[in-house]
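Asks: Protein sequences appear in the order of chains A and B.
The first sequence maps to residues 1 to 128 in my numbering.
The second sequence maps to residues 1001 to 1128 in my numbering.
Yeah, the Cβ is synthetic: ideal placement off N, Cα and C, and Gly gets one too.
Quick caveat, the model's predicted, so the values are computed rather than measured.
What follows is a structure written as structure tokens; I'll ask about it next.
2 protein chains.
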Amino acid sequence: MTRTHENVRDSPEGKYEEPQTPEAGAVRVEEALKFLEGRWKLVILFKLFGGRVLRFSALERAIPGVSQKMLSQQLRQMERDGLVQRVVYPEVPPRVEYALTEWGQALCPALDALLRWASTRPASTDGS
Amino acid sequence: MTRTHENVRDSPEGKYEEPQTPEAGAVRVEEALKFLEGRWKLVILFKLFGGRVLRFSALERAIPGVSQKMLSQQLRQMERDGLVQRVVYPEVPPRVEYALTEWGQALCPALDALLRWASTRPASTDGS
DNA sequence: CTGTATCCCGTACGATACTG
DNA sequence: CAGTATCGTACGGGATACAG
């Protein structure tokens, strides 16, 4: 599974192409990581994983320490990036619900891979 | 369905334990991501993937735009984190070689998973 | 050759106040 | 309720100079 590669070219669904150079690889990973950059994005992601739907105030309550500004800002970015779906109900008082997109949900396995990797870290041999 | 699997507890090799709460998951992913944070870490990583061994000046030349300060700094962090091995040859002039540790090499599949995920991103429907 | 020490700056983030 | 506006700050990172 972790198969780094072999013949991926001309695969029928043909979306994913192995980066051809180390530089390209680094750049593409950086681009992927940019979707996760931001003090609160991962927290939001995990609150919404599993198809959960939360409204603004619920997220605010669920995430201790976040300010309205930051919550709003990060949600907007995630929406623009296609990670999050935002649904506005034209009511009074206003209600806005947030959920992950399919693509957002699909992040889960990749994060899992990262978690698995991190969990294999050898203990430092020196006393640092 | 975030839940990729079910009973992981008491697995024989028993190293990896699924995070029990969203918060824990977010925190652990953040910790994992911290190993990759830094303007030049990924570039360095990709230069060293595949078991390549490079000395300081070689990395400097291979990474356009990096300063000695940053290169040194990021390499030190990666060394402390256990991603990179640093070998000093007590010669004149000094020679220092850098390579990835096993754990560092093992990052590759996880990054691949991230790359695959990113490659499935739907095109924006709006004109942004 | 392989670094460290200073100085400087942009930006991400936090706190607070205000609005439809 | 669900945000935006404004201000202040901490820190990562660039440029440059110096050192073993």
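1) State the Cα-Cα distance for the pair L1059 of chain B and I1044 of chain B, rounded to the nearest angstrom.
2) For A1032 of chain B, is the classification buried or exposed, using 16 other Cβ atoms within 10 angstroms of its Cβ as the cut-off for buried?
3) Provide the residue span of the alpha helix (DSSP H) that contains E1030 of chain B, from first to last.
4) Mapping DSSP to helix, strand and coil, what is H1005 of chain B?
5) Could I get the ranges of all uninterrupted beta strand (DSSP E) runs contained in the segment 1061-1098 of chain B, with 3 residues as the minimum, in chain order?
6) Can you give me the Cβ contacts of K41 of chain A inside the same chain, cut-off strictly under 7 Å, excluding the 5 residues immediately before and after it?
7) Return no unless some Cβ of chain B is closer than 8 Å to the Cβ of F46 of chain A.
8) Got a sec: does the ligand NAD put a non-hydrogen atom nearer than 7 Å to the Cβ of K41 of chain A?
9) By a C-beta neighbour count over all protein chains shown, 10 Å radius and 16 as the cutoff for buried, is V88 of chain A buried or exposed?
10) Do you know offhand how far D1112 of chain B's Cα is from P90 of chain A's?
11) If distances are taken between C-alpha atoms only, which option among A:L48, A:R28, A:L107 and A:S57 comes closest to T1021 of chain B?
12) Under a three-way DSSP split, which group does R116 of chain A fall into?
13) Of all the residues that make up the segment 26-56 of chain A, which are near chain B by a beta-carbon distance shorter than 8 Å?
14) Between H1005 of chain B and the rest of its own chain, which residues show a CB-CB distance below 7 Å, the 5 nearest in sequence each way excluded?
15) Near W1103 of chain B, which residues of its chain fall below 6 Å by C-beta distance, leaving aside the five closest residues on each side in sequence?
16) I'd like to confirm the pairing. Which residues does DSSP put opposite L1054 of chain B in its beta bridges?
17) What would DSSP say about W1103 of chain B, mapped onto helix, strand or coil?
18) With distances taken Cα to Cα, identify the nearest neighbour of L36 of chain A among A:L107, A:V66, A:P93 and A:L54.
Replies: Reading it off the structure:
1) Mapped onto the second sequence, residue 1059 of chain B falls at position 59. Mapped onto the second sequence, residue 1044 of chain B falls at position 44. Roughly 8 Å separates the two Cα atoms.
2) The residue given as residue 1032 of chain B occupies position 32 in the second sequence. The residue in question, A1032 of chain B, is buried, as its Cβ has 16 or more Cβ neighbours within 10 Å.
3) The count along the second sequence starts at 1 and reaches residue 1030 of chain B at position 30. Per DSSP, E1030 of chain B belongs to the alpha helix (DSSP H) from P1022 to K1034.
4) Position 5 of the second sequence holds residue 1005 of chain B. Unreliable positioning characterises H1005 of chain B in this predicted model, as indicated by a pLDDT of 43, which lies under 50. A coordinate reading is not provided.
5) The segment 1061-1098 of chain B contains these whole beta strand (DSSP E) runs: 1084-1089.
6) Translated into positions along the first sequence, residue 41 of chain A becomes position 41. Correct list, in chain order: Q74 and M78.
7) Taking the first residue of the first sequence as 1, we reach residue 46 of chain A at position 46. True, the Cβ-Cβ gap to chain B drops below 8 Å.
8) The ligand NAD is not part of the structure shown, which contains no ligands of any sort.
9) Taking the first sequence and counting its residues from 1, one reaches residue 88 of chain A at position 88. Burial check for V88 of chain A: the Cβ neighbour count within 10 Å stays below 16, so the residue is exposed.
10) Your numbering for residue 1112 of chain B matches position 112 in the second sequence. Your numbering for residue 90 of chain A matches position 90 in the first sequence. Rounded to whole angstroms, D1112 of chain B to P90 of chain A spans 42 Å at the Cα level.
11) If you number the second sequence from 1, residue 1021 of chain B lands on position 21. Considering only A:L48, A:R28, A:L107 and A:S57, the residue with the shortest C-alpha distance to T1021 of chain B is A:L48.
12) Reading the first sequence from its first residue, position 116 is the one you call residue 116 of chain A. Helix at R116 of chain A.
13) Sequence-ordered contacts of the segment 26-56 of chain A with chain B read A26, R28, V29, E30, E31, A32, L33, F35, L36, L42, V43, L45, F46, K47, F49, G50 and G51 [C-beta pairs closer than 8 Å].
14) In the second sequence, the residue the question calls residue 1005 of chain B occupies position 5. Residue confidence is low: H1005 of chain B scores 43 on pLDDT, short of 50, so the model does not pin down where it sits. No coordinate-derived value is stated.
15) Locating residue 1103 of chain B in the second sequence gives position 103, counting from the first residue. The answer, listed in chain order, is G1082.
16) Numbered from its first residue, the second sequence carries residue 1054 of chain B at position 54. BP columns for L1054 of chain B point to B:Y1098.
17) Taking the first residue of the second sequence as position 1, residue 1103 of chain B is located at position 103. Secondary structure of W1103 of chain B (DSSP, three-state): helix.
18) As a working mapping, residue 36 of chain A is identified with position 36 in the first sequence. Cα-wise, what sits closest to L36 of chain A is A:L107.
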